[in-house]
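What follows is a short report on a single structure.
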Amino acid sequence: MSKLIIKPASECAYDCISLGEVMLRLDPGEGRIRTTRSFAVWEGGGEYNVSRGLRKCFGKKTAIVTALADNEIGALVEDLMLQGGLDTQFVKWVDYDGCGRSVRNGLNFTERGYGIRGAKGVSDRGNTAASQLRPGDIDWEYIFGTLGVRWMHTGGIFAALSESAAETVIEAVKVAKKYGTIVSYDLNYRPSLWKSIGGERKAQEVNREIAKYVDVMIGNEEDFTACLGLEIEGNDQDLKELDIEGYKVMIKSAIEAFPNFSVIATTLRTVKSATINSWGAICYADGKIHEAIHRPNLEIMDRVGGGDSFASGLIYGFMEYNDGQKAVDYGAAHGALAMTTPGDTTMVTLPEVEKIMGGGNARVDR
Numbered sequence: 001m002s003k004l005i006i007k008p009a010s011e012c013a014y015d016c017i018s019l020g021e022v023m024l025r026l027d028p029g030e031g032r033i034r035t036t037r038s039f040a041v042w043e044g045g046g047e048y049n050v051s052r053g054l055r056k057c058f059g060k061k062t063a064i065v066t067a068l069a070d071n072e073i074g075a076l077v078e079d080l081m082l083q084g085g086l087d088t089q090f091v092k093w094v095d096y097d098g099c100g101r102s103v104r105n106g107l108n109f110t111e112r113g114y115g116i117r118g119a120k121g122v123s124d125r126g127n128t129a130a131s132q133l134r135p136g137d138i139d140w141e142y143i144f145g146t147l148g149v150r151w152m153h154t155g156g157i158f159a160a161l162s163e164s165a166a167e168t169v170i171e172a173v174k175v176a177k178k179y180g181t182i183v184s185y186d187l188n189y190r191p192s193l194w195k196s197i198g199g200e201r202k203a204q205e206v207n208r209e210i211a212k213y214v215d216v217m218i219g220n221e222e223d224f225t226a227c228l229g230l231e232i233e234g235n236d237q238d239l240k241e242l243d244i245e246g247y248k249v250m251i252k253s254a255i256e257a258f259p260n261f262s263v264i265a266t267t268l269r270t271v272k273s274a275t276i277n278s279w280g281a282i283c284y285a286d287g288k289i290h291e292a293i294h295r296p297n298l299e300i301m302d303r304v305g306g307g308d309s310f311a312s313g314l315i316y317g318f319m320e321y322n323d324g325q326k327a328v329d330y331g332a333a334h335g336a337l338a339m340t341t342p343g344d345t346t347m348v349t350l351p352e353v354e355k356i357m358g359g360g361n362a363r364v365d366r
């Protein structure tokens, strides 16, 4: 396993770009989707959230590659992305037919859960513009070869949207590797996205092909078994809660199957209730396991996007220090803080992240 070779910022127009779908999230706040009369709106997407976190919390230059139907909903999503600080020049705008028969923008209804009532998400994303992206739609040679990008992030949510989306991921990562861009990938297994197109068998077929081009692989134990087909023996037969030794076995299996992985990272979460989780993370880099501080009773306002914020902190740690321990510490602290605010995306600052990393508490700052 070799150390990451990250291009200097001086040679690149962007620190990171993400490829993925960006949806409009409709949030009933403290209420429920089925009974609310009003929603707050946010933008969100598993891949997008990572670059947004790198921009808003960590001050990096980032962009999003996606597609939107050219209507008022698409304009709202773009406005939210611009508020997030991402460059949107690579958004592909698709003519809207006035009804959504041929193309539309994705919606994601999400309620936060509380106590014994878990969070719930209902996606409405069929036939979206992003799901129809296909090879040839994006000029990757221009992005990676002419402009230059230090890091590319994408993931299994976008790859699950359609055959052409998966093919677009493969096209992108091949060109990224050609120009020395680091590629990170979050497996992010969602059974609901795969169940009608072949289930785990199809997930493994797609993700094992993409994995050949990945430098930094992110995922939990279910992701590695369902998406990569790895056989992992742990303390718990259903793999709901592996201990650290179990994760070491998982990592060893992943490296044997994909020796191109330079880094493997995963969050460690046990759900005690919707509002109390244990939270931690480990990262394998430079032949060693690095473990972040474990928080056994993390209080959560909104858990959606915690893993994405972990990924953006992890990437920042490697970009700044190329150090596995610092990377996992930044990732775990940023993910924890991101879950204390509503919405998919981060609302915290770098000093807040570093305060938590240093053992800071929740006393008021004046």
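Oh and the sequence shown: position 224 is 224 in full-length UniProt numbering, straight run, nothing missing. The C-beta atom is built at its ideal place from N, Cα and C for all residues, glycine as well.
- Taking a C-beta distance under 7 Å as the contact criterion, A254 and I244 do not qualify as a contact pair.
- Under the DSSP definition of a beta bridge, Y284 partners with I264 and I289.
- Only residues of its own chain outside the window of five on either side were considered, and among them G20, E21, E47 and A165 have a CB closer than 6 Å to the CB of F158, listed in chain order.
- In this structure, DSSP gives D87 an extended state, which the three-state scheme calls strand.
- The DSSP-derived three-state label of M217 is strand.
- For F39, the CB contacts under 7 Å within the same chain, skipping 5 residues up- and downstream, are L26, D27 and P28 in chain order.
- Beta-bridge analysis with DSSP links G155 to D186.
- Residue burial annotation: C283 is buried, with at least 16 other C-beta atoms found within 10 angstroms of its C-beta.
- For R52, there is no enclosing beta strand (DSSP E); the residue is found in the alpha helix (DSSP H) stretching over Y48 to K56.
- Nearest C-alpha to M152 among N188, G280 and Y14: Y14.
- Per DSSP, the continuous beta strand (DSSP E) segment holding T62 begins and ends at T62 to A69.
- Only residues of its own chain outside the window of five on either side were considered, and among them A274 have a CB closer than 8 Å to the CB of R117, listed in chain order.
- Distances from the alpha-carbon of P351 to those of V216, R34, C57 and G180 put C57 closest.
- In this structure, E222 lies near Y189, with their beta-carbon atoms less than 7 Å apart.
- By the Cβ neighbour-count rule, L82 is exposed, with fewer than 16 other Cβ atoms within 10 Å of its own.
- When DSSP states are grouped into helix, strand and coil, V22 belongs to the coil group.
- Counting C-beta pairs closer than 8 Å gives fewer than three between the stretch 71-86 and the stretch 168-180, which falls short of the contact rule.
- Counting of Cβ neighbours within 10 angstroms places C99 among the exposed residues, the total staying below 16.
- Looking at the backbone, the Cα of I182 and that of D95 are separated by about 33 Å.
- Between G324 and A285, the beta carbon gap of about 3 Å places them in contact (Cβ cut-off 8 Å).
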